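Engineer: Counting from 196, one number per residue, gives the positions in the sequence shown under the numbering used here.
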Amino acid sequence: MIFDYMAKTHALCDEMFTKAENLAGEGKWAEADNSFKAFVSETEKHFGKEENILFPRVEEVMGSGGGPTQVMRMEHEQMRELINSLSGVLQQQDQDEFMGETETLLVLMQQHNMKEEQILYPMIDRVVGEDAGPLVAEMEQV
């Protein structure tokens, strides 16, 4: 249940990112800026669901000492740094720089999502069991 819900939010973020990247590639800067802002908003919402609801629940059950949730938090910070950098590049309308940095962010997002979808979310589904429904309901409020 956690896997299905969170994988859908990954897909939505990926779709929004691709749209912004394509618009910038076409030189449609105002539209790219709007799409990128929507991507950032959705990504922060996703991170918030994990960092404020999902990860604390897992840490409650499994303990919090430097495990997989800590690694995911560090990767979120890396992505935030790249996103902030991309926001500046987008304002400069530097297509080459933007496309280069989006490639870096895309690789990081793909690797991060793969770890979550192949390892973390299935583990969380096993750990939280019947509590998954209320946990998803709580995340939907974010």
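By construction, the Cβ of each residue, glycine as well, lies at the ideal position given by its N, Cα and C atoms.
Since the model is a prediction, treat every value here as computed from it, not as a measurement.
Hey, out of A227, E311, A206 and G262, whose CA is closest to Q286's CA?
Structural biologist: Checking every option, the nearest Cα to that of Q286 belongs to A227.
Engineer: In or out: M327 buried (at least 16 other Cβ within 10 Å) or exposed?
Structural biologist: It should be pointed out that residue 327 corresponds to Ala in this sequence rather than to Met. By the neighbour-count rule (16 or more Cβ atoms within 10 Å), A327 is buried.
Engineer: DSSP three-state label for S259, please.
Structural biologist: S259 falls in the coil class under three-state DSSP.
Engineer: Could you please give the first and the last residue of the uninterrupted alpha helix (DSSP H) stretch that includes P209?
Structural biologist: A quick correction: the sequence has Asp, not Pro, at residue 209. Where D209 is concerned, the enclosing alpha helix (DSSP H) stretches over I197 to G220.
Engineer: Using 8 Å for Cβ pairs, my map puts F242 next to D320. What's the rounded Cβ distance?
Structural biologist: F242 to D320, Cβ: 20 Å. No contact.
Engineer: Using 8 Å as the threshold, is the C-beta distance between L249 and M334 below it?
Structural biologist: Yes. Within cutoff.
Engineer: When the Cα atoms are used, what is the spatial distance from Q265 to N247?
Structural biologist: When rounded, the distance between both Cα atoms is 13 Å.
Engineer: Please look up how many angstroms separate the CB atoms of E311 and M267, rounded, as I've assumed it's under 8 Å.
Structural biologist: 7 Å between Cβ atoms; contact.
Engineer: Please state whether DSSP places V235 in a helix, a strand or coil.
Structural biologist: Helix, per DSSP.
Engineer: DSSP three-state call for V337: helix, strand or coil?
Structural biologist: V337: coil per DSSP, three-state reduction.
Engineer: Assuming contact is defined by CB atoms lying nearer than 8 Å, are E276 and V284 in contact in what I supplied?
Structural biologist: Not closer than 8 Å, so no.
Engineer: Applying the 10 Å Cβ sphere with the 16-neighbour rule, what's the burial state of S236?
Structural biologist: By the neighbour-count rule (16 or more Cβ atoms within 10 Å), S236 is not buried but exposed.
Engineer: For Q288, which three-state DSSP category applies?
Structural biologist: It is coil, neither helix nor strand.
Engineer: In angstroms with no decimal places, state the Cα-to-Cα distance between L301 and G220.
Structural biologist: In a straight line, the C-alpha of L301 is about 15 Å away from that of G220.
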